[in-house]
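Numbering of the sequence shown is given in numbering that gives the first Met the number 0, commencing with residue 0 and proceeding in unit increments.
This report concerns only the one structure given below.
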Amino acid sequence: MLKQHLGPQGRLLLIVNTLFLLAEALSGTFVNVYLWKEGGGYALIGLYNVAFYLAIQITFMFSGKWVKVHNKMSCLRAGISIAAAFYLLVLFLGDNAIHYILPLGFIQGIGHGFFWLSFNIILFEITSRENRDKYNGLAGVFSSFVGMAAPLGAGYFISKMTGMKGYYVIFSVSLGVYITGAILSSFLHKRKAGGKFSVRQTFSIIQTNKTWRLLFLAMIGQGINESVFTFLVGILVFVATNNEWKVGIYTCITSGVAFISFYAAGKYLLPEWRNKALFWGSILMSISVLPLFYVTNYSTLLWMGIGISLFSPLFLIPAVSIVFDTIGQNNKTAEWKVENIIIRETGLNVGRLLALAVFIILISWNDQPLMLNSILFAVSLAQLITWHYMRQIKIEI
0 MLKQHLGPQG
10 RLLLIVNTLF
20 LLAEALSGTF
30 VNVYLWKEGG
40 GYALIGLYNV
50 AFYLAIQITF
60 MFSGKWVKVH
70 NKMSCLRAGI
80 SIAAAFYLLV
90 LFLGDNAIHY
100 ILPLGFIQGI
110 GHGFFWLSFN
120 IILFEITSRE
130 NRDKYNGLAG
140 VFSSFVGMAA
150 PLGAGYFISK
160 MTGMKGYYVI
170 FSVSLGVYIT
180 GAILSSFLHK
190 RKAGGKFSVR
200 QTFSIIQTNK
210 TWRLLFLAMI
220 GQGINESVFT
230 FLVGILVFVA
240 TNNEWKVGIY
250 TCITSGVAFI
260 SFYAAGKYLL
270 PEWRNKALFW
280 GSILMSISVL
290 PLFYVTNYST
300 LLWMGIGISL
310 FSPLFLIPAV
320 SIVFDTIGQN
330 NKTAEWKVEN
340 IIIRETGLNV
350 GRLLALAVFI
360 ILISWNDQPL
370 MLNSILFAVS
380 LAQLITWHYM
390 RQIKIEI
């Protein structure tokens, strides 16, 4: 079925995406742990993520014309190459990397911005309403499988090597994976481009189009949840265990649960169930955080991770599919796919940056476990914002 719907270019894109995710799975979690061990506190690592998401937003805004009017494939390759350059810089700076935390976050964000804007546009072009849920489920399976194996191996090697040597080995491997992805991406064919692009016109859509105004607000809720969870959980696991191998095991177990859950949700979740899935996914993920209020240790963090991994596909698959189905309602909306993707990502980044700003303020005042757990619970509830606005959207095909 996958071959029939995607073809050779679609399968190659999936491979390139998986390699990108593999490189991130190897090092993504451990970059934050590495910065923590080098002396970065919660607030400083929060600032690193602010620079990261701010760079993504700026890149999306200024690469829109490149993707729409010129060559989206070269934008994809540029993203992979810049992401590789990030790890090259970390290796070059060594122990001094902590002193360049904001520029490093910005460079990493530029790479991700180029990659994900072009990837999302290409993904829209090779999928349809009929196969989008299944494709997103399959992508989640690949992501979960990579997320299972890579951090487990990375955590093992890091924990077995003295000092920071293990980190440098894993960062080097990530660099090699990115280079491989960049080479393979050169075999992706140049896709049709054309039309006009304007940043001002892009954001006028939010004012004039009710559906995209609702989606923009919905994405803010999703972004609020994503930003803090993305980096904080890995650090909490490391603080609880002081062992990178345990961080790898944690990520392997939670990704294994997500692997099964994404497969099942992608196969059985029907479009007409999306609103209910969004609601219950949000509620059940929020409930999964509650064990931390009893005690914060490796076991309760693991139970939280398992719960979130089990229920996150109920939220993520409909959230992604509703956006792409809205873009593909008709030929006119499809023509604005670049602008619409930028609106989606802007909403996500607004939510991410708002949550990080509040996190940095609160954690600078009080960094005790109760505060950290309360922040995690609050941002998990923010996903109900996404459900509230998405349930008002009517898609006509």
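Built from N, CA and C at the ideal position, the CB exists for glycine as well.
In angstroms with no decimal places, state the Cα-to-Cα distance between residue i and residue j.
i, j, result
"V236", "I307", "15 Å"
"I396", "G265", "Low per-residue confidence applies at I396: pLDDT is 49, beneath 50, and the placement is therefore not dependable enough to give any value."
"S363", "V227", "15 Å"
"S311", "G139", "10 Å"
"Y99", "D324", "41 Å"
"F19", "A148", "14 Å"
"L380", "M160", "39 Å"
"S298", "M389", "34 Å"
"T295", "W35", "19 Å"
"T253", "W272", "25 Å"
"F258", "I305", "11 Å"
"A83", "Y166", "15 Å"
"S203", "T179", "39 Å"
"Y267", "F261", "10 Å"
"I169", "F85", "13 Å"
"T207", "T201", "11 Å"
"L103", "I157", "21 Å"
"V378", "I223", "6 Å"
"A50", "F29", "18 Å"
"L214", "V322", "7 Å"
"V32", "R76", "28 Å"
"S16", "E338", "Before going on, a small fix: residue 16 reads as Asn here, not Ser. So the two alpha carbons sit approximately 22 Å from each other."
For residue i, does the count of other Cβ atoms within 10 angstroms reach 16, so buried, or fall short, so exposed?
i, result
"L369", "exposed"
"F61", "exposed"
"S173", "buried"
"G372", "Here residue 372 is Asn; the residue named in the question, Gly, does not match the sequence. That one is buried."
"L269", "exposed"
"Q221", "buried"
"R343", "buried"
"R199", "exposed"
"Y293", "exposed"
"R10", "exposed"
"F113", "buried"
"S285", "buried"
"K71", "buried"
Considering just the uninterrupted stretch of the alpha helix (DSSP H) at residue i, what are its terminal residues?
i, result
"A77", "K71 to L92"
"P368", "P368 to L380"
"R273", "R273 to I286"
How close, in whole Å, do the beta carbons of residue i and residue j come, if the pair is a contact with beta carbons under 8 Å?
i, j, result
"M218", "G350", "7 Å"
"L187", "L12", "6 Å"
"I360", "F123", "No, I360 and F123 are not in contact; Cβ-Cβ is about 37 Å, not under 8 Å."
"L277", "W386", "4 Å"
"L353", "V288", "The pair is not a contact, with the Cβ atoms about 19 Å apart (cut-off 8 Å)."
"N348", "I44", "Not confirmed; about 18 Å, so no contact."
"G63", "I341", "6 Å"
Beta-carbon of residue i versus every beta-carbon of chain C: anything under 9 Å?
i, result
"A239", "Protein chain content of the structure displayed is limited to a single chain, and chain C is not contained in it."
Contained alpha helix (DSSP H) runs [length at least 4] in the stretch 318 to 363, N- to C-terminal order: Fully enclosed alpha helix (DSSP H) runs of 4 or longer: 330 to 334.
Entirely enclosed alpha helix (DSSP H) segments - the stretch 181 to 258, minimum 4 residues: DSSP runs (the alpha helix (DSSP H)) wholly in the stretch 181 to 258: 198 to 207 and 209 to 240.
Those runs of the beta strand (DSSP E) which lie wholly inside the stretch 285 to 319 and span at least 3 residues: Those beta strand (DSSP E) runs which fall completely within the stretch 285 to 319 and span 3+ residues do not exist here.
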